[in-house]
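Input: a single structure, listed below in structure tokens.
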Amino acid sequence: MTEAIGRSRALWNRDAVDLRSDEMLAQVLDRGEVAAWRDLYRMARADRELRARIHRVVLTVPVALPHFWLAALASLGQAVDFSAPVPDYYEATAV
1 MTEAIGRSRA LWNRDAVDLR SDEMLAQVLD RGEVAAWRDL YRMARADREL
51 RARIHRVVLT VPVALPHFWL AALASLGQAV DFSAPVPDYY EATAV
């Protein structure tokens, strides 16, 4: 685990960080700071399974910037369908 992800405000309600949890991964994708996102990107660069999980989460969980994450995944070589529907963040949240 990286320091930036470990101290991310996105995980304020967690005692320990475990990115094997899709729920925690979604929290970082949605509410993480740029430093945490950079570290997540670096981790995903070397981890095909993590890239696949990020892809699945972005397509099924409302996150604020789904197309940002799809573009990041595409830049890492992940096959991405940019026309695939993503959950509507503003319809699914109180924002």
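Here the sequence shown is numbered in the working numbering, starting from 1 and rising by one per residue.
All C-beta atoms, glycine included, are put in the ideal place defined by N, C-alpha and C.
Boundaries for D18: no alpha helix (DSSP H) harbours it, and the DSSP string shows neither H nor E there. With respect to the 8 Å criterion, R14 and R31 are not classified as neighbours on the basis of their beta carbons. Between V57 and P87, the gap from beta carbon to beta carbon reaches 8 Å or more. For H67, the closest alpha carbon among the candidates V28, L50, P85 is that of P85. W12 and V28 have their C-alpha atoms some 10 Å from each other. Burial check for V80: the Cβ neighbour count within 10 Å reaches 16 or more, so the residue is buried. Cβ contact annotation for L70 (same chain, cutoff 7 Å, sequence separation greater than five): V58, V80, F82, in chain order. With a contact defined as Cβ atoms closer than 8 Å, I5 and D39 qualify at about 5 Å.
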